[in-house]
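Below: the structure, in structure tokens.
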Amino acid sequence: MVKVKFILVLFLMQPTLALSDKEYSGNFQLRYGAVDFHKTDTSIFNDDEAPNYKPFSLQSWIAKKYTSDTDIFLMAKIKTYNPHGTETSSLYTADDSPDLSIIIDGGVIKNYGDFSIEVGSKFIRNRITSRGGGENDAFKRPYDYRRILGAYLNSAIDLGNNNTLMGTFGLLANQKAYGRKHIDEIVYAQIFYNHKINKQLDFKISRLSFRSALKDKPIKPDESGHDLDRTSIGLTYDTQKYQIGAGFERYTIRYKIKSKIADGDAFFISLSIPFGNKDIRKRHKLMIKNKPSLGFVENMMSGPAE
711 MVKVKFILVL FLMQPTLALS DKEYSGNFQL RYGAVDFHKT DTSIFNDDEA PNYKPFSLQS
771 WIAKKYTSDT DIFLMAKIKT YNPHGTETSS LYTADDSPDL SIIIDGGVIK NYGDFSIEVG
831 SKFIRNRITS RGGGENDAFK RPYDYRRILG AYLNSAIDLG NNNTLMGTFG LLANQKAYGR
891 KHIDEIVYAQ IFYNHKINKQ LDFKISRLSF RSALKDKPIK PDESGHDLDR TSIGLTYDTQ
951 KYQIGAGFER YTIRYKIKSK IADGDAFFIS LSIPFGNKDI RKRHKLMIKN KPSLGFVENM
1011 MSGPAE
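Counting in the working numbering, the sequence shown runs from 711 upward without gaps.
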């Protein structure tokens, strides 16, 4: 695990080492934010679960022009969530809370004139805080892990010179990695809109709907999973040499078993540095950078929302 993280960090921090051909282009991004879920009498969070997070991520993608109308790409991301805000003392910072994600995403995007279609797949390695089998368990462990595999279909269309509309639909399957309840069927969809205000400033808005199902407890058919909706609004300022982004996100989680709801707000800033020859369509860049990033979403569903 440590070796994998080291290799990914090295790749992310030094993307130009991966470029030996002028046909490549890519982007490196640093992103930091704050997430606050509001605890109420009907919220899903127990006192030893973290409602607050300070996520920090490193992300990089590389794209290659395969043919005149087709681009292939690979993207990698490491994200740590820094959970905090528990109300009870614990051996660990928090119990049953998102802690770390490693995401690898690759696909093919084909241009058809005013619109493009992308087919891709995801691998997610999630880590969640844990106290093992309970307070009296002699074999307590600080973390649990899960692996998620998935495929998605993404399409974007240009609505004139300054507007792009994108839709994404995907499926994920969770490989059980520890002896407890977990999400093992996931369906998600996102609608995304980008308006280019001028040469340097872009406005973005998106809506993600995430639906999950629990299948490993057949004796409890009411445990049908959880729903999450996320609305995102952001601005990006492009200087050609780098991009600065800022945005706001609103989360709503519905805990079906007990009809509980949790609302949360997130704020973030980002710095992106493009590299390579930049020979890739602007529409394809938007598709690569703005597909749903599902590490935190799945971690929330398999953590506090369980």
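Cβ atoms here follow ideal geometry from the backbone N, Cα and C, with glycine treated the same way.
These numbers were taken from a predicted model, which means no experiment stands behind them.
Item checked: Closest Cα partner of F978 within the set T752, S770 and Y791 -> Y791
Next item on the list: Thinking Y952 and I907 are a contact (beta carbons under 8 Å), I'd like their distance in whole angstroms, please.
Entry: Actually they are not in contact, since the Cβ atoms of Y952 and I907 sit about 18 Å apart, beyond 8 Å.
Margin query: Going by DSSP in three states, H794 sits in which element: helix, strand or coil?
Written below: strand
Next item on the list: For A1015, I'd like the list of residues in its chain whose CB is within less than 7 Å of its CB, leaving aside the five on either flank, ordered along the chain.
Entry: I754, H936, I963 and Y965
Margin query: With a threshold of 8 Å, are at least 3 pairs of Cβ atoms found where one atom belongs to the segment 771-779 and the other to the segment 736-754?
Written below: yes
Note to self: Given the structure, does Y734 come close to the ligand COA, in the sense that its CB is under 8 Å from one of the ligand's heavy atoms?
What the structure shows: Of the ligands one can find in the structure shown there are none, so the ligand COA has no counterpart to examine.
Margin query: To the nearest angstrom, how far is the alpha carbon of F825 from that of F985?
Written below: 25 Å
Margin query: For H748, report the span of its beta strand (DSSP E) as first-last.
Written below: First-last for H748: undefined, no H or E at that position.
Next item on the list: Helix, strand or coil for G957, going by three-state DSSP, please let me know.
Entry: In the three-state reduction of the DSSP assignment, G957 falls in the strand class, which pools E and B.
Item checked: Beta-carbon proximity check, F879 vs A899, cutoff 9 Å -> yes
Margin query: According to DSSP, is E845 part of a helix, a strand, or is it coil?
Written below: Because E845 carries a pLDDT of 49, less than 50, the predicted location of this residue cannot be relied on, and no value is offered for it.
Next item on the list: If I'm right that R960 touches R940 with Cβ under 8 Å, what's the distance once you round it to whole angstroms?
Entry: Correct: roughly 7 Å between the Cβ atoms.
Note to self: What does the Cβ neighbour count give for H994, buried or exposed, with the cut at 16 atoms within 10 Å?
What the structure shows: buried
Item checked: L882 and I834 closer than 9 Å at C-beta -> yes
Checklist line | Presumed contact (8 Å Cβ cut-off) between D757 and T796, rounded CB distance | finding: 7 Å
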